[in-house]
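Sequence lines, in order, name chains A and B. Its first residue numbered 69, the first sequence is counted upward by one per residue in this note's numbering. Its first residue numbered 69, the second sequence is counted upward by one per residue in this note's numbering. Idealized CB from N, CA, C, for every residue including glycine. Because the structure is a prediction, the values reported are computed rather than measured. One structure below.
There are 2 protein chains.
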Amino acid sequence: MTPTPARSDPLTHEVVELIGSVVARYHEEYELAAAEHALTGAQARVLTLLTREPTPMRQIARQLKCEPSNVTGIVDRLEARGLVERRPDPGDRRIKVAAATERGRATAAYLREGLDFAREPLAGLTQLERSMLRDLLQRMLGEEPGAPEPGETS
Amino acid sequence: MTPTPARSDPLTHEVVELIGSVVARYHEEYELAAAEHALTGAQARVLTLLTREPTPMRQIARQLKCEPSNVTGIVDRLEARGLVERRPDPGDRRIKVAAATERGRATAAYLREGLDFAREPLAGLTQLERSMLRDLLQRMLGEEPGAPEPGETS
DNA sequence: TATTGTTATACTCTATAACTATA
DNA sequence: TATAGTTATAGAGTATAACAATA
Numbered sequence: 069m070t071p072t073p074a075r076s077d078p079l080t081h082e083v084v085e086l087i088g089s090v091v092a093r094y095h096e097e098y099e100l101a102a103a104e105h106a107l108t109g110a111q112a113r114v115l116t117l118l119t120r121e122p123t124p125m126r127q128i129a130r131q132l133k134c135e136p137s138n139v140t141g142i143v144d145r146l147e148a149r150g151l152v153e154r155r156p157d158p159g160d161r162r163i164k165v166a167a168a169t170e171r172g173r174a175t176a177a178y179l180r181e182g183l184d185f186a187r188e189p190l191a192g193l194t195q196l197e198r199s200m201l202r203d204l205l206q207r208m209l210g211e212e213p214g215a216p217e218p219g220e221t222s
Numbered sequence: 069m070t071p072t073p074a075r076s077d078p079l080t081h082e083v084v085e086l087i088g089s090v091v092a093r094y095h096e097e098y099e100l101a102a103a104e105h106a107l108t109g110a111q112a113r114v115l116t117l118l119t120r121e122p123t124p125m126r127q128i129a130r131q132l133k134c135e136p137s138n139v140t141g142i143v144d145r146l147e148a149r150g151l152v153e154r155r156p157d158p159g160d161r162r163i164k165v166a167a168a169t170e171r172g173r174a175t176a177a178y179l180r181e182g183l184d185f186a187r188e189p190l191a192g193l194t195q196l197e198r199s200m201l202r203d204l205l206q207r208m209l210g211e212e213p214g215a216p217e218p219g220e221t222s
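Encoded structure:
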C-alpha cells in the first residue's frame with residue numbers, strides 16, 4: 069500500500085520544495101555569473117570542465133549528458149574567443165582534445181569568484197552546521213561508502 | 069584581508085560542490101520526467117505553475133524570469149496539445165490568463181509522480197535528519213524570519 | 001566494422017525590438 | 001502615455017541522421 073513511504077510525508081515534501089528553490093537560485097546565479105563574462109551556461113560549464121582537465125570532445129558530451137554533435141558548436145564558440153583550443157591526441161588521430169587556454173583559465177577563475185551562491189548564505193551557518201549539511205547532502209546523493217548505487221559498472 | 073571568511077574554507081567549498089551535484093541531478097531528473105510526457109523543461113515548469121493557479125502571461129514571465137515574448141510560444145505549444153487554455157480577464161481586456169485544462173492537470177500529476185528525486189534519497193534519512201536538512205536549507209535561502217536579506221525593498 | 005568528430009537539419013528557448021489592443 | 005500580449009528576428013542549445021577520417 070505504501071511502496072514509497074516518504075511520498076506522502078509533509079516534511080519530505082517541504083524538503084523537496086526547498087531543494088527546488090535551491091536549484092532555481094543556483095541556476096539563476098550561475099547564468100548571471102556566466103553572462104557577466106559573455107558566456108552562456110553551457111559555455112561556462114564546458115570552460116570550467118576544461119580548466120580542470122583537457123578532455124576529448126566525446127567525453128565532454130558524456131559529462132554534459134548531451135549529444136556529441138552539440139559539443140562541436142560550444143567548443144567552436146569558446147575557441148573563437150580564444151578561451152579554448154583543440155589539440156590532437158598523440159595516440160589516436162581521430163580524437164581532438166579540447167583544452168582551456170591561459171585566457172580561458174583566467175576567465176574561469178573570475179567566473180568562480182563571481183559565483184557567490186552558497187558561499188555567502190553558508191557564511192550564516194556555523195562550522196558544525198555546515199558539516200551537518202555536508203553529511204546530509206552526501207547521504208542524499210548516495211556518495212557514502214557502503215551505499216553503492218546500482219548502475220555503477222566499475 | 070578576509071572580506072568573505074567562507075571563501076577559502078575547505079568545508080564550505082565541499083558543501084558548494086555538493087550543492088552543485090544536487091542541482092545537476094535535480095535538473096537531469098526533471099528534464100527526464102518532463103520528456104516522458106513529451107514536454108520540455110520550460111513547458112513542464114509552466115504547466116506546473118498553471119496547475120497551481122491560473123496566471124496572466126506577464127506574470128508567468130516574471131516567475132520564469134524570462135522575457136514575456138517567450139511565454140507566448142511556450143503557452144502556444146501547451147495550448148496546441150490541450151494542456152492549457154487562454155482565458156480573458158473580466159476586469160482588463162488586455163490581459164490573457166493562462167490556465168491548466170483538466171488534461172493539463174492530469175499530466176502535471178503524472179509528472180509530479182515521476183519526479184522521484186529527493187523523495188527516494190530522502191527516504192534514507194530519519195525524520196530528525198530530514199527536519200535538520202529542512203532547517204539548514206531554509207536558513208541558506210534566507211527564508212527565516214529574523215534574517216531579512218538586504219535587497220528586499222518591501 | 002566500429003569509433004571520433006563533424007555537418008546538416010529541425011525544434012525549442014532566449015532576448016531584443018516593433019507592433020496591436022487596450023487602459 | 002503606459003501596459004499586456006504578440007510578432008518578427010537572430011543566436012544558442014538540443015537531438016537525430018548522415019558523413020569523413022581513423023582505428
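Identity of the residue in the options nearest residue i by Cα
i, options, result
"leucine 204 of chain B", "A:Gln195, A:Ala166, A:Ala110", "A:Gln195"
"methionine 208 of chain A", "B:Arg149, B:Leu107, B:Arg202, B:Ala191", "B:Ala191"
"proline 136 of chain A", "A:Leu86, A:Ala174, A:Leu100, A:Lys164", "A:Lys164"
"glycine 210 of chain B", "A:Asp77, A:Val90, A:Leu79", "A:Val90"
"histidine 105 of chain A", "A:Leu201, A:Gly172, A:Arg198", "A:Gly172"
"glutamate 170 of chain A", "A:Arg149, A:Arg161, A:Pro189", "A:Arg149"
"glutamate 96 of chain B", "A:Glu121, A:Glu96, A:His81, A:Cys134", "A:Cys134"
Close Cβ partners of residue i (< 8 angstroms) along its chain, the five nearest in sequence each way excluded
i, result
"valine 143 of chain B", "Val114, Met125, Ile128, Val152, Arg154, Ala166"
"serine 222 of chain A", "Its pLDDT being 33, under 50, serine 222 of chain A is placed unreliably by the model, and the measurement read from it follows with that caveat. Around serine 222 of chain A: no qualifying Cβ."
"threonine 140 of chain A", "Met125"
Own chain residues within Cβ distance below 7 angstroms of residue i, not counting five before or after
i, result
"proline 73 of chain B", "In this predicted model, proline 73 of chain B has a pLDDT of only 49, less than 50, meaning its place in the structure is not dependable; the value taken from the coordinates is given anyway. Cβ within range, chain order: n/a, list empty."
"valine 83 of chain A", "none"
"leucine 117 of chain B", "Thr123, Ile128, Gln131"
"alanine 168 of chain A", "Leu115, Leu118, Thr119, Leu151, Val152, Ala176"
"glycine 40 of chain A", "With chain A covering 69 to 222 only, the question about residue 40 of chain A has no answer from this structure."
"alanine 215 of chain A", "Note that alanine 215 of chain A has pLDDT 40, beneath the 50 cutoff, so the model's placement of it is unreliable and the number below is only indicative. Excluding positions up to five away in sequence, the list is empty."
"glutamate 197 of chain A", "none"
Test item: CB-CB of residue i and residue j under 8 angstroms
i, j, result
"glycine 109 of chain B", "tyrosine 94 of chain B", "no"
"leucine 146 of chain A", "glutamine 111 of chain A", "yes"
"alanine 101 of chain B", "leucine 193 of chain B", "no"
"leucine 79 of chain A", "serine 199 of chain B", "yes"
Beta-carbon proximity list for residue i, same chain, < 6 angstroms, skipping 5 on both sides
i, result
"asparagine 138 of chain A", "none"
"proline 71 of chain A", "Since pLDDT at proline 71 of chain A reaches only 42, below the 50 mark, its modelled position is unreliable, and no value is offered."
Checklist entry - How do the region 127 to 138 of chain A and the region 173 to 184 of chain A stand: do at least 3 beta-carbon pairs fall below 8 angstroms, yes or no? => result no
Checklist entry - What are the start and end residues of each continuous beta strand (DSSP E) run of 3 or more residues lying completely inside the region 110 to 180 of chain B, in chain order? => result 152 to 156, 164 to 168
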